[in-house]
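Read the structure below first, then the notes.
Numbering (this note's numbering), first residue to last: 65 to 407.
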């Protein structure tokens with residue numbers, strides 16, 4: 065039985081594409097908006113192949129209110145929205161803050177205006193653990209105090225959450241769910257979709273690019289931290305697990321009655337901290353490839369360790385991550401090898 069039509073913004077992006085697959089596999093119809101300024105059309109091809117059906121994508125800029133409204137006028141029966149579309153490079157946000165504030169916030173404001181105009185009452189916002197900054201407590205819970213954002217990118221997520229919360233309070237009957245991801249990694253087990261980024265800033269694609277020879281070597285920044293092996297600790301979570309959390313969040317939102325609070329907040333992490341060196345050794349184990357890496361000095365601004373308390377998302381959404389760290393690295397490696405077909 066079909067559960068309704070969901071609009072996914074940023075559907076040709078890394079997490080958006082995986083979420084479309086999960087939504088369809090769980091009985092939803094999906095339409096996508098992605099202007100391909102950062103997303104890749106190859107992701108949509110991979111999604112279509114996986115699902116054996118064609119997902120409609122509207123290649124419009126969400127910052128263009130009139131163009132956005134035209135999508136809602138064509139797609140009359142949208143039941144909910146998952147909003148991924150945003151710029152996400154931390155270094156780029158530091159050098160181009162106005163670009164980030166304009167794109168990430170204007171797009172959010174426009175889509176929320178459409179929620180009111182077209183009476184779409186279920187909205188899921190893609191947030192980030194970056195809102196916690198240098199958290200003062202571990203594991204990080206949903207009530208951990210937010211610190212000063214470390215970048216304009218993180219600031220757009222803090223502001224975005226506030227906009228969603230204020231919106232929901234002002235419009236009774238509208239549900240906003242805010243999902244704070246930790247470190248998404250890996251790829252769909254089929255290796256038909258994954259992360260496409262020639263110059264990644266995240267550790268896992270740097271590892272896989274080094275292994276396949278796109279990079280001569282990689283650096284491990286800081287080996288004298290107060291951790292198990294001296295390297296930084298992060299909470300890595302498989303992208304398919306994150307995708308499924310969006311489906312569960314949407315289903316929960318639709319099932320709630322309108323007397324409940326309108327804003328719901330969840331951490332998405334495994335709850336297990338993994339060091340940089342442990343991640344490297346996991347990759348070497350599953351791939352059989354010895355990595356060429358160099359131990360380097362600390363990088364300014366790096367958080368020493370952060371990992372989630374996921375008990376709320378498990379209790380309220382029934383969300384339990386399925387992939388362990390070795391499986392995350394195995395799917396990431398399979399995807400890196402599959403990427404050769406796009407070269």
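C-beta: ideal position from N, C-alpha, C; glycine also.
From the DSSP output, in three-state form, read off residue i for me.
i	result
residue 238	coil
residue 369	strand
residue 153	coil
residue 73	strand
residue 187	strand
residue 301	strand
residue 338	strand
residue 328	strand
residue 192	strand
residue 226	helix
Given a cut-off of 7 Å, decide if residue j and residue i are closer than it, judged by their beta-carbon atoms.
i	j	result
residue 231	residue 193	no
residue 126	residue 171	yes
residue 218	residue 327	no
residue 251	residue 383	no
residue 208	residue 201	yes
residue 337	residue 299	yes
residue 392	residue 350	no
residue 302	residue 165	no
Assuming residue i and residue j form a contact by the criterion Cβ under 8 Å, report the distance between their Cβ atoms to the nearest whole angstrom.
i	j	result
residue 238	residue 187	7 Å
residue 370	residue 265	The pair is not a contact, with the Cβ atoms about 16 Å apart (cut-off 8 Å).
residue 182	residue 142	7 Å
residue 74	residue 80	4 Å
residue 96	residue 121	4 Å
residue 146	residue 314	7 Å
residue 206	residue 330	7 Å
residue 270	residue 282	5 Å
residue 243	residue 191	6 Å
residue 344	residue 355	6 Å
residue 249	residue 296	That pair is no contact at about 15 Å.
Which residues does DSSP list as the beta-bridge partners of residue i?
i	result
residue 285	360
residue 144	70
residue 207	Paired residue(s): none; residue 207 is not in a bridge.
residue 122	97
residue 247	300
Report buried or exposed for residue i, applying the criterion of at least 16 other Cβ atoms within 10 angstroms of its Cβ.
i	result
residue 107	buried
residue 159	exposed
residue 101	exposed
residue 352	exposed
residue 332	buried
residue 267	buried
residue 157	buried
residue 47	Because the chain in this structure spans residues 65 to 407, residue 47 falls outside the shown range and cannot be described.
residue 262	exposed
residue 203	buried
For chain C, check one thing: does any of its Cβ atoms lie closer than 7 Å to the Cβ of residue i?
i	result
residue 70	Included in the structure is just one protein chain, with no chain C present.
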